Amino acid sequence: MQLLHVMVPATILFCVLNVTFFAPENAADAWREFFGQMEGVEIPQGTQSEWTTVELSQYEDLQPLIIRAKEIAIIPTCDWNLDYSKGLDLLIPHVSDIRQAAMLVSFSIQGDTQSENFDSAIMGMESLVGISSHLSDDDLIIGSLVSYSVFSILKDNTSLFKNIQDPAKLESFLDSVQHLNEFDPFGIRAGVAGEQQYLGDWLSEKEVVDLDLGGFINEELDPELNMELEVSRYGEAMDRLVEVFQMKDESKAVAAMDALQDEIESGEFGELTKVLFVSGNNLLKTAFSASKDVVELKSILQQRIDTLRTPDAAVYFLQAVDAYCAIDAEERIAAVESGEFNTLNLSLSKLAKAAEMQPSKITLADDPQTPPWLAPIFAMTSDSLARGTIDDFVTAIRVAAHLSQQDRFAASLAASMIIEAVFVSLPRITEKESSLLLEATRRIPAADAYMILATTAKEQIRFEKWMFTEEGWSPTPMALLAATITLAKEQKVDGVCEDCWVKLIATFGVPDDDTVVLAAVTQNMSEALLVAEFENEHQFIEKLRHAQNQLPMLRRKLATSPTRQ
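In structure tokens:
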């Protein structure tokens, strides 16, 4: 029995110590301490219109606060211990303070981006999700709206995802977003029910003369109003409002809200309700917009993660080719001529997805003929440029970068032709769009533009092995290209997508049916390629020379202020 007396106090002591040392940290306490540290500090209001040495200096000086804000944002538990019994007198100073913290993190994301510290920028975006969540659990409409406004900052920063190459970074971010309830991610709907509860309880203990509604109405309420009846009617109206906010069909919810609003304004729910009732129409639209924004962000994140998790771009290029060539040629041509690109959406989207990824070899075999995918990719890119959005121009430049790194002379030349088309058809663009296009050009090899010199040499080696040539065999670049395309045509590559092949050959200005070249590649007459003559060989040489200056010309054009283009 004495042993039992010893064990019971020990158990109690263990429980007390366990609660003391292992209780979860409350983010609200950490935020309050942080708000004190922010006092007197100039906090930039989110993204700046320009980034100069002044902003850079601020960014560096604010690093201790930025780091601490990110640390607090990931604390899962946040209880502001609000006194709901105060009703309309409830004080919520943390709402404006935490919004300032969100502005600080938003500013840090811009600074990280300018410094090309993209991993840190993504961590900042994840922090904004945490800050948003710290505002959404209090069942307050105002808190939920600020929560949504914090989350909305993310919509302006999704372009950052393209700079992240480690999918794990984005998966961590996606995981934080996945925790949001898609139907009520920021507690707007819960805030409506919460307001009904805490204001209803508060009003039930008040008389009309006790109500200070100076911030809501210009004239005092009639002191003779039946307070019990007014509170009851207010509760009925709020019951209806809560039901409307739980509707998942937006059109039905809007119609029900309009009907309720009309009834309230006509006085069917009493005078007090007319004063206190939240303006539900805009709030309802905001609730639905919030849900859509979360779904959209998840989708964008997942697409980027899927892109990074895909083995290489070759799969998507080939899928794009299959989708494109599956469409009737006349239907494709008609779609481009009419400007209705719906028919091409699948193939063009796969082309864009492939182009966004890191370059990879589409053809691994070392066969000498021009590969069958080149003509459809070139044609698709041309169609994309015909559509003419800024994303299409970015995709075209990225396709050129991929084609430059295929170890194929024909692919390198096609890349040059694509950049020429971009240069000629580039519309008047904004400074931001110029920056996007300029960044895309940096993927293209510059020292040997499109790798034309390197791929010409490799093409010669490829043919030397295939034709068992003697030492010193050195045909002209045009003869080499004619050999690769003639051999491809002889092997029926042009039949994969015949109109695409015709378009590619016409752009090259190199014949695929020259009799001398045909004899060389079919009869293994390597010497014949040394004596092959072409009417427009001079123009072809000039085309290759122009290709060496083409990329710098495009970059200069993009770097020029749009107002001077």
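Quick note on our numbering: the sequence shown kicks off at 30 and runs consecutively.
Heads up, the beta-carbon is just placed ideally off N, CA and C, and yes, glycines get one too.
Values in this document were obtained by computation on a predicted structure and should not be read as measured data.
**Q.** Outcome for A476 when other beta-carbon atoms lying within 10 angstroms are tallied against a minimum of 16
**A.** exposed
(Q) Which residue wins for smallest C-alpha separation from Q77, given the options E253, C107, D108 and T142? (A) T142
Q.
For A131 and E62, what's the separation of their Cα atoms in angstroms?
A. If I take the Cα positions, the gap works out to 16 Å.
Q.
I'd like to check one pair, S156 with F215: are the Cβ atoms closer than 8 Å?
A. no
(Q) Closer than 8 Å is the cut-off here; do at least three beta carbon pairs connect the region 306-318 with the region 289-296? (A) yes
Q: In the DSSP assignment, find the alpha helix (DSSP H) that holds Q66 and state where it starts and stops.
A: Per DSSP, the unbroken alpha helix (DSSP H) holding Q66 starts and ends at A56 to M67.
Q.
Using only the alpha-carbon positions, how far apart do M154 and N146 sit?
A. 13 Å
Q: Can you say whether F212 is buried or exposed, counting buried as having 16 or more other CB atoms within 10 angstroms of its CB?
A: exposed
**Q.** For P214, the three-state DSSP class (helix, strand or coil)
**A.** coil
Q: Please classify H567: does DSSP put it in a helix, a strand, or coil?
A: Residue state, collapsed to three classes: helix.
Q: Please classify A415: does DSSP put it in a helix, a strand, or coil?
A: helix
Q | Under the three-state DSSP convention, the category E493 falls into | A | helix
(Q) Just verifying my parser: in three-state terms, what is the DSSP assignment at F50? (A) Low local confidence applies: a pLDDT of 46 at F50 is under 50, so the model's placement there is unreliable, with the coordinate-based value given in what follows. Correct three-state label for F50: helix.
Q. So, is L169 buried or exposed, given that buried needs 16 or more other C-beta atoms within 10 angstroms?
A. buried
Q) Does the Cβ of L432 have 16 or more other Cβ atoms within 10 Å, making it buried, or fewer, making it exposed? A) buried
(Q) Output needed for L587: all residues of its chain with C-beta closer than 6 Å, excluding positions within five of it in sequence on either side, in chain order. (A) S463, L466 and L467
(Q) I need the boundaries of the alpha helix (DSSP H) containing F370, first residue and last residue. (A) It is not in any alpha helix (DSSP H) - F370 carries neither H nor E in the DSSP assignment.
(Q) Applying the 10 Å Cβ sphere with the 16-neighbour rule, what's the burial state of K99? (A) buried
**Q.** Buried/exposed call for T515, threshold 16 Cβ in 10 Å
**A.** buried
Q | chain D contact for T589 (CB, 8 Å cutoff) | A | Within the model displayed, chain D is absent; a lone protein chain is all it includes.
Q) So what does DSSP say about F202, is it helix, strand or coil? A) helix
Q: Closer than 6 Å by C-beta to E488: which residues in its own chain qualify, once you throw out the five before and the five after it? Chain order, please.
A: F438 and L509
Q: Reducing DSSP to helix, strand and coil, say where A394 ends up.
A: coil
(Q) I need the boundaries of the alpha helix (DSSP H) containing S137, first residue and last residue. (A) Segment H123 to Q143, the alpha helix (DSSP H) holding S137.
Q.
Extract the residue ranges of the alpha helix (DSSP H) inside the region 506-531, only unbroken runs of 4 or more that lie entirely within it.
A. 506-519
Q | Pair within 8 Å by beta-carbon distance, M286 and Q225 | A | No, these two residues do not count as a Cβ contact at 8 Å.
Q: Measure the CB-CB distance between T505 and S555 and report whether it falls below 8 Å.
A: No, these two residues do not count as a Cβ contact at 8 Å.
Q) Does the distance from the CB of S445 to the CB of Q332 come in under 8 Å? A) no
Q) Below 8 Å between beta carbons: does that hold for V273 and S205? A) no
Q. Which residue comes first and which comes last in the alpha helix (DSSP H) that contains F306?
A. Here F306 belongs to no alpha helix (DSSP H), and DSSP marks it neither H nor E.
Q. Taking M480 as the reference, which of W402, D436 and P252 has the closest Cα?
A. Of the residues W402, D436 and P252, the one whose Cα lies closest to the Cα of M480 is D436.
**Q.** Helix, strand or coil at F298 [DSSP, three-state]
**A.** coil
(Q) Using a Cβ-Cβ cutoff of less than 8 Å, which residues in the same chain neighbour Q207 once the five nearest sequence positions on both sides are dropped? (A) K327
(Q) Along the chain, where does the alpha helix (DSSP H) containing F147 start, and where does it finish? (A) F147 to L164 is the span of the alpha helix (DSSP H), which, as asked, contains F147.
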